[in-house]
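Taken in order, the sequence shown gives residues 0 to 700; the numbers are from numbering that gives the first Met the number 0.
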Amino acid sequence: MKKIALLLVVILCLGFVKFQIIDNSFGSNENWSEYLGGADRNHYSKLEQINIQNVKNLKVAWEYATPDSGQMQVNPLIVDGVLYGVTSSVQAFALDATTGKEIWRFGDPLKNWASTSRGVSFWKKGNDKRILYTAGPNLWALDANTGKPIESFGDKGKVDLHTGLPEIAKDKFIISNTPGTIFENLIYMPLRLSEDADAAPGDIRAFDVISGKLVWTFHTIPYPGEKGYETFPKDAYKNDGIGAVNNWAGMAVDKARGILYVPTGSAAYDFYGGNRPGKNLFSNCLLALDARTGKLKWHYQFVHHDIWDRDLPAPPNLVTLNKNGKAVDAVAQVTKQGYVFVFDRVTGKSLFQINEIPVPKSKLKGEITWPTQPVPVLPKPYAREAYKLTEKDISPYAQNRDELVKAFRTYKKGLFDPPSEQGTIIFPGYDGGAEWGGSAVDPNGVIYINANEMAWIQTMKPTQNTSGVPMGEKIYMNYCQSCHQPDREGNVKSGYPSLVEIGKKHDNAALLNLINGGKGMMPGFGFIKPEEKQALIAFLKNEEKKEVQSKDNQLSQKAGIAYKMTGYNKFLDNRGLPAIAPPWGTLNAIDLNSGKQLWRIPLGNEPILQKEGITGTGTENYGGPVITKTGLLFIAATKDATLRAFEAKTGKLVWEHPLPAAAFATPSMYSKNGKQYLVIACGGTKLGTPKGNKYVAFALE
0 MKKIALLLVV
10 ILCLGFVKFQ
20 IIDNSFGSNE
30 NWSEYLGGAD
40 RNHYSKLEQI
50 NIQNVKNLKV
60 AWEYATPDSG
70 QMQVNPLIVD
80 GVLYGVTSSV
90 QAFALDATTG
100 KEIWRFGDPL
110 KNWASTSRGV
120 SFWKKGNDKR
130 ILYTAGPNLW
140 ALDANTGKPI
150 ESFGDKGKVD
160 LHTGLPEIAK
170 DKFIISNTPG
180 TIFENLIYMP
190 LRLSEDADAA
200 PGDIRAFDVI
210 SGKLVWTFHT
220 IPYPGEKGYE
230 TFPKDAYKND
240 GIGAVNNWAG
250 MAVDKARGIL
260 YVPTGSAAYD
270 FYGGNRPGKN
280 LFSNCLLALD
290 ARTGKLKWHY
300 QFVHHDIWDR
310 DLPAPPNLVT
320 LNKNGKAVDA
330 VAQVTKQGYV
340 FVFDRVTGKS
350 LFQINEIPVP
360 KSKLKGEITW
370 PTQPVPVLPK
380 PYAREAYKLT
390 EKDISPYAQN
400 RDELVKAFRT
410 YKKGLFDPPS
420 EQGTIIFPGY
430 DGGAEWGGSA
440 VDPNGVIYIN
450 ANEMAWIQTM
460 KPTQNTSGVP
470 MGEKIYMNYC
480 QSCHQPDREG
490 NVKSGYPSLV
500 EIGKKHDNAA
510 LLNLINGGKG
520 MMPGFGFIKP
530 EEKQALIAFL
540 KNEEKKEVQS
550 KDNQLSQKAG
560 IAYKMTGYNK
570 FLDNRGLPAI
580 APPWGTLNAI
590 DLNSGKQLWR
600 IPLGNEPILQ
610 KEGITGTGTE
620 NYGGPVITKT
630 GLLFIAATKD
640 ATLRAFEAKT
650 GKLVWEHPLP
660 AAAFATPSMY
670 SKNGKQYLVI
680 ACGGTKLGTP
690 KGNKYVAFAL
700 E
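Here it is as structure tokens:
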């Protein structure tokens, strides 16, 4: 016995013992039992039946049609041959994972544009198996076998996610799009909040999985006496006009150490911070918290005093790297800016140099921008940046290129250039860079990131001159609704047609011609600005990006918000294509051990240009990849409704298959009865794609 103990001491001293990628499969490699494949959020499967040689033989094994249709961002869970997912109207369900046959379904259809779900959480202890998921502001606990609410959890099966927040927040908007993270008997819930002066506080809270009771709270806007309190105005914690600093994208947990890693978003209001001078901790941070108590271990802030909506868009990845011949357990965080930051998981020390770069000052009255922002030396950015763009970067496929060049010259575009009345190019855009689909990591420390490269134009106006309504909707209200009605149904008897389906009948170029030239009794509106025309087209096609914001400008003015953004407006050509040259979406492989990029390829084909024989453009993409032990990378995510497999080592395309609708979701991989499956939710809808309602599973013939 003494010899064994001595041997262990020697091994430890030599540094041979390290923490491997955490296995969260409940003792079986067959399952995909946690969001994104495990509590490490690495999207990694150890299954080996499907490999580079036989992937070409993948066929559809089964399909499940949900009772509704629309966007589904779900990464389904599979435990012991049962698949758990959510429909587009947020009904939870269970299927036989070998046939797609429905076992149970729970909930009434919820019609709320903000309530798109990314899935459920699974917990078990002995014979007690639970599905935890959200509908509206409620966290439900369901019996995993029957789908029935567990009456002993909270109030007859549900807990209101307002629980534990201050009284002022009791009626404020709260939902959760992303599954909760579970550790032992605790669940930590991400929150989606308003992004305006009426935002609730984004406190990180732990609930008991069995009883539903609140166990602990971490204040992301610090209270008096708490670390970071001095980085906000002294009354910010009271949630009167300042809120958010929420985790919405999900978390990761080191189960061996009991550390919860929480990426946070910006403080609200998102685009003007004159009423919240300071660094604003703990906004835009990666927090390392004691998972059992909520006590802060360390933090790192990626954007100081955020006024660009640079929320951290995805859960971090827990990885083990080789640094100078030693194994280091690390945590890697992707960002919308196109940066990857890598830290020692225990100490929070960065594994690569980070420079604080001087950035421009704001010219908006009352706004005090932070003088520097952090930029890592390595890894290099995986997306192009606005300050490096020139007129040569305007798209060669734009039919109105001269008009776009003229507009490009008027916009600010420096590194961390602050919001302005002049207009500022946000690139990568509001949706990244990286997005909520998350990144995959293999055991060798290579991270695989799919990224967007869409430019957006951020324009600010004094609050009294804005309505709080997105630009496209506002233009419609000003020029169109008197004839075509607020609901766009029109008045056919009076000669005013319905515009509800106009986006399906006409492409962007045809709509632009109608706006400019008019038709019949309708006059032309060529006098409105180009960005207003594009915003109106996006509104008519139901493509206008929306966030939850107050339409009460008196509330904003009372809160000291002197300027508001005019809307989420993409920089597009006259056909609705990106004004900046391709690639518009990419897939990247980066070695986190060295910080060097291994390869980068366009992801997807723009359907409009593909019809003209132009491919390799990449497209905007939402939903992440899956990596396998056999060296395959599977991903959908693109507008062109295609599931693809790449060779992970090189980025070479080795297989592709059309889907019934675009799949803006991360796939899941599992095995049952000796057969390996890949399943993905195909809901379409986003980016103007047709609606879908199917989960599709693939397996070898």
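For each residue, glycine too, the CB sits at the ideal point set by N, CA and C.
| Check | Outcome |
| --- | --- |
| C-alpha distance - Ala-4 paired with Pro-442, whole-angstrom precision | Note on Ala-4: pLDDT 44, under 50, position unreliable in the model; the coordinate value appears next. About 29 angstroms. |
| For Ser-667, the first and last residue of its enclosing beta strand (DSSP E) | 667 to 671 |
| Reduced DSSP secondary structure (H/G/I, E/B, other) of Cys-284 | strand |
| Inside the segment 228 to 290 only - beta strand (DSSP E) runs reaching at least 3 residues | 251 to 253, 258 to 262 and 284 to 289 |
| Neighbourhood of Thr-65 by C-beta, 6 angstroms cutoff - its chain only, sequence neighbours within 5 removed | Thr-86 and Asn-692 |
| CB-CB length for Phe-270 against Met-564, believed under 8 angstroms | 5 angstroms |
| Whole-angstrom C-beta distance between Gln-372 and Asn-573, which should lie under 8 angstroms | With a Cβ gap of about 35 angstroms, Asn-573 and Gln-372 do not count as contacting. |
| Bridge-paired residues (DSSP) for Pro-357 | Thr-371 |
| Collapsed DSSP secondary structure at Lys-171 in the structure displayed | coil |
| 8 angstroms Cβ cutoff met for Tyr-562 and Pro-469 | no |
| Sequence-distant residues of the same chain with beta carbon closer than 8 angstroms to Asn-144, five excluded per side | Lys-128 |
| Terminal residues of the beta strand (DSSP E) in which Phe-701 lies | Absent from the model: residue 701. The displayed extent of the chain is 0 to 700, so no value can be given. |
| Nearest candidate by alpha-carbon position, reference Gly-650, set Pro-657, Ala-640, Ala-661 and Ile-634 | Ile-634 |
| Leu-686 versus Asp-506 - alpha carbon distance | 13 angstroms |
| Trp-31 and Ile-102 closer than 8 angstroms at C-beta | no |
| Backbone secondary structure at Ala-450 - three-state DSSP | strand |
| Buried/exposed call for Val-89, threshold 16 Cβ in 10 Å | buried |
| Per DSSP, cross-strand counterpart(s) of Phe-663 | None; Phe-663 has no bridge partner. |
| Exposure of Leu-652, with buried meaning 16 or more beta-carbon neighbours within 10 Å | exposed |
| Pairwise C-alpha distance: Ala-580 and Ile-725 | The structure shown does not extend to residue 725, since the chain is modelled only from 0 to 700, so the question has no answer here. |
| Residue range of the beta strand (DSSP E) that includes Phe-697 | 690 to 699 |
| Endpoints, the beta strand (DSSP E) within which Tyr-316 is located | Note on residue identity: the sequence assigns Asn, not Tyr, to residue 316. Looking at the DSSP string, the run of the beta strand (DSSP E) that includes Asn-316 is 316 to 322. |
| Three-way DSSP call (helix, strand, coil) for Leu-686 in this model | helix |
| Contact the segment 272 to 283 vs the segment 335 to 355: 3+ CB pairs below 8 angstroms | no |
| Contact between the segment 254 to 268 and the segment 306 to 326 (3+ Cβ pairs under 8 angstroms) | yes |
| Alpha carbon of Ala-696 to alpha carbon of Thr-637, nearest angstrom | 18 angstroms |
| Neighbourhood of Pro-659 by C-beta, 6 angstroms cutoff - its chain only, sequence neighbours within 5 removed | Cys-681, Gly-691 and Lys-693 |
| Identified DSSP bridge partners for Gly-566 | According to DSSP, Gly-566 bridges with nothing at all. |
| The beta strand (DSSP E) enclosing Gly-84, as first and last residue numbers | 81 to 85 |
| Cβ-based neighbour list, Gly-69, same chain, cut-off 6 angstroms, excluding 5 preceding and 5 following | Ser-87, Gly-682, Thr-684 and Lys-690 |
| Short Cβ contact (8 angstroms threshold) for Ala-196 with Ser-555 | yes |
| Spatial neighbours of His-218 in its chain, beta-carbon cut-off 8 angstroms, leaving aside the 5 residues before and after | Pro-200, Asp-202, Glu-225 and Tyr-236 |
| Continuous alpha helix (DSSP H) stretch holding Gly-502: start and end | 501 to 504 |
| Residue of Gly-242, Gly-428 and Glu-472 minimising C-alpha distance to Phe-172 | Gly-242 |
| C-alpha gap between Asn-50 and Met-668, whole angstroms | 13 angstroms |
| Backbone CA spacing between Phe-340 and Ala-251 [nearest angstrom] | 15 angstroms |
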